[in-house]
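Peer 1:
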Amino acid sequence: MFWLLYWLNWIATLEGVIFLTGLELTLLRWASYFPPIVVTGFKLLISVVILAVWGSMTHGITVMIANLP
Numbered sequence: 011m012f013w014l015l016y017w018l019n020w021i022a023t024l025e026g027v028i029f030l031t032g033l034e035l036t037l038l039r040w041a042s043y044f045p046p047i048v049v050t051g052f053k054l055l056i057s058v059v060i061l062a063v064w065g066s067m068t069h070g071i072t073v074m075i076a077n078l079p
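In our numbering, each residue carries its 1-based index in the sequence shown increased by 10.
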């Protein structure tokens with residue numbers, strides 16, 4: 011059961027990071043249509059979310075390992 015949760019956690023995290031990276035690349039393509047402050051703010055927001063997702067995943071794995079019988 012532990013390994014299933016471990017891999018599901020990894021897969022979900024990678025999907026989220028891939029989605030957010032794609033979103034950021036799309037924004038960079040459209041950057042000329044937005045004021046620079048909007049682009050910078052959006053890139054910062056995406057970076058913070060990516061770090062939060064990785065941090066959450068790491069915490070989840072640590073908790074699962076700590077709760078092993």
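Glycine included, C-beta positions come from ideal geometry on N, C-alpha and C.
Using a threshold of 8 Å, state whether the C-beta atoms of valine 49 and leucine 37 are closer than that.
Peer 2: The count along the sequence shown starts at 1 and reaches residue 49 at position 39. The count along the sequence shown starts at 1 and reaches residue 37 at position 27. Cβ distance < 8 Å, so valine 49 and leucine 37 count as in contact.
Peer 1: Do you know offhand how far tryptophan 40's Cα is from threonine 68's?
Peer 2: Numbered from its first residue, the sequence shown carries residue 40 at position 30. Numbered from its first residue, the sequence shown carries residue 68 at position 58. Their Cα atoms are separated by approximately 33 Å.
Peer 1: Under 6 Å Cβ to Cβ from isoleucine 56, same chain only, skipping five residues before and after it: list those, please.
Peer 2: Start at 1 with the first residue of the sequence shown, and residue 56 comes out as number 46. Around isoleucine 56: Leu30, Glu34.
Peer 1: By alpha-carbon positions, which one of Leu54, Asn19, Leu14 ends up nearest to glycine 65?
Peer 2: Residue numbering aside, residue 65 sits at position 55 when the sequence shown is read from its first letter. The candidate whose alpha carbon is nearest that of glycine 65 is Asn19.
Peer 1: Just to confirm, are isoleucine 75 and valine 27 a CB contact at a threshold of 8 Å?
Peer 2: Taking the sequence shown and counting its residues from 1, the one referred to as residue 75 is at position 65. Taking the sequence shown and counting its residues from 1, the one referred to as residue 27 is at position 17. Not a contact, by the Cβ cut-off of 8 Å.
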